[in-house]
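Note that my numbering has the sequence shown beginning at 290, numbered continuously upward. Worksheet: one structure, shown below.
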Amino acid sequence: MEYLVAGLLLAAALTALNLLLTVAAVRRWRAHATAPPDGGHHGHDHGHGHGGGEPELGIAPGDRMPAFTATAADGTTVTAADLAGRPALLAFLSLECPGCDDSVPGFAEHARRVRDAGGLVLATVVGVDAAGSDLAAQLAGVADHVVPEFLDAPLGTAFGVRLYPGFAHYGPDGVATATSVGLDRLNAALAPSTP
Numbered sequence: 290m291e292y293l294v295a296g297l298l299l300a301a302a303l304t305a306l307n308l309l310l311t312v313a314a315v316r317r318w319r320a321h322a323t324a325p326p327d328g329g330h331h332g333h334d335h336g337h338g339h340g341g342g343e344p345e346l347g348i349a350p351g352d353r354m355p356a357f358t359a360t361a362a363d364g365t366t367v368t369a370a371d372l373a374g375r376p377a378l379l380a381f382l383s384l385e386c387p388g389c390d391d392s393v394p395g396f397a398e399h400a401r402r403v404r405d406a407g408g409l410v411l412a413t414v415v416g417v418d419a420a421g422s423d424l425a426a427q428l429a430g431v432a433d434h435v436v437p438e439f440l441d442a443p444l445g446t447a448f449g450v451r452l453y454p455g456f457a458h459y460g461p462d463g464v465a466t467a468t469s470v471g472l473d474r475l476n477a478a479l480a481p482s483t484p
C-alpha cells in the first residue's frame, strides 16, 4: 500500500511539473511568435511585408469592409451593416501588445473626430480575459462598441489583421481610406486640415 501511495504522489508531482513546463514553453513560444522583427509592433506578418518597409496591417486603403457579426462587451450585436453609411474607425488591440495601451490616447483623439463627424468607432481587444481587462475598460468611453475576443480573434481574422495595434478608417461607402500598424500612418492620413 505504501508503494501505491508513493507512486501516486510521484505521478501527481510529475504531472504538475509537466503542466508548469508546458505553460512556460507555450508562453515563451507565443512571445517569440509575436515578437516583431523591428521591435515596434506585435503580431506576425506571414511574409507579406513591404520588404523592410513599414509593416502591413492586412487591410489596405481601398479594401471593402468585410461582412461580420460580433458581440460587444455590453451584449449588443454589431454587424458591418451597423457601420454602413457613415465613417467608421476600427481599432484592433491585444492584451499581449505593450504598444496597444500606449496607443489609446491617440486613438481616443481620432475616435472623437470620427464621432463628431457622425461616424462610429469599434475597438476589438484580443486576449484570454479581454472582457474584464483594463484595456477594454479604457476603450469603453472611447469607442461606441468594444468587442472582446479570445485568442482566435474572429473579427480580426475577418478583416485580415496580422499585427497589433492596428487601425483602419472606413468611409461611408465601406471602403478603407486609411490603415495603420501603430498610429503613425493613421495620424498622417487623418490629420485635421489647417485653414
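Cβ coordinates follow ideal geometry from the N, Cα and C atoms, glycine included.
Across the structure, Pro376 and Gly408 are spaced so that their CA atoms are roughly 4 Å apart.
For the options Ala359, Thr466 and Gly430, the alpha carbon positioned closest to that of Val415 is the one of Ala359.
Counting only runs that start and end inside the region 349-374, the alpha helix (DSSP H) elements of at least 4 residues fall at 369-372. DSSP places Val431 in the coil class of the three-state scheme, outside both helix and strand. Under the three-pair Cβ rule at 8 Å, the region 383-399 counts as touching the region 467-477. The three-state secondary structure of Phe381, taken from DSSP, is strand.
Distances from the CA of Phe456 to each of Ala349, Val367 and Asp363 were compared; the closest alpha carbon is that of Ala349.
Counting every other CB atom within 10 Å of its CB across the protein chains shown gives Val312 a total below 16, marking it as exposed.
Excluding five sequence positions before and after Ala356, the CB atoms of its chain that fall closer than 6 Å to its own CB belong to Ala369, given in chain order. Look at Gly395 here: in three-state DSSP terms it is helix. Apart from the 5 residues on each side of it in sequence, Ala400 sits with its Cβ closer than 7 Å to the Cβ of Leu378, Val410, Val431 and Ala432 in its chain, given in chain order. Under the three-state reduction of DSSP, Val410 is assigned to strand. Taking the C-beta atoms as reference points, Met354 is found nearer than 9 Å to Leu372. Taken atom to atom, the span from the alpha-carbon of Leu297 to that of Glu291 is near 10 Å. The beta carbon of Leu428 sits closer than 6 Å to those of Ala412 and Val435, all from its chain and outside the five residues before and after it, given in chain order. DSSP places Pro376 in the coil class of the three-state scheme, outside both helix and strand.
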